[in-house]
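So the sequence shown is numbered by the working numbering: it starts at 93 and just counts up by one.
Glycine included, every Cβ here is placed at the ideal spot set by N, Cα and C.
This report concerns only the one structure given below.
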Amino acid sequence: MVVVLIVIVLALLAAAGVVLLASTAATPGGDGSAWESFRRGWRSRRHPDADQLDAARAAAVEPVDLSLAQFLRETAEVGDAYLNVDELADDLQRARDRAVRPLKARRSA
């Protein structure tokens, strides 16, 4: 029990170290500190630009309630299927014939 607690504490300390290192590391783009990024995000939340407004409008659209059966009926395509049953049967027959051929040779020998 004590070993498990020690491992958990060490893992939490390692995670805290990674977070601390990541927060203090300089970004190559020069985005600034985490506090500045937070303030920029908060400001843009109050005064969103056009892209953010478009995204908000798209997120506000009501989803379409559609059952899977209805979706499949409406999107069914007419024509040849991806797998043709006759071709599949022929391929399986050829594979069976090739697999049986060495067995017949062993029995006759």
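Secondary structure at Ala168: coil, using DSSP grouped into helix, strand and coil. Spanning the alpha carbons of Ala148 and Arg131 requires a straight line of approximately 20 Å. For the 9 Å CB-CB criterion, Ser115 and Ala107 do not form a contact.
CA-CA distance, Ala150 to Glu179, rounds to 45 Å.
Going by C-alpha positions, Val111 is about 22 Å away from Trp134.
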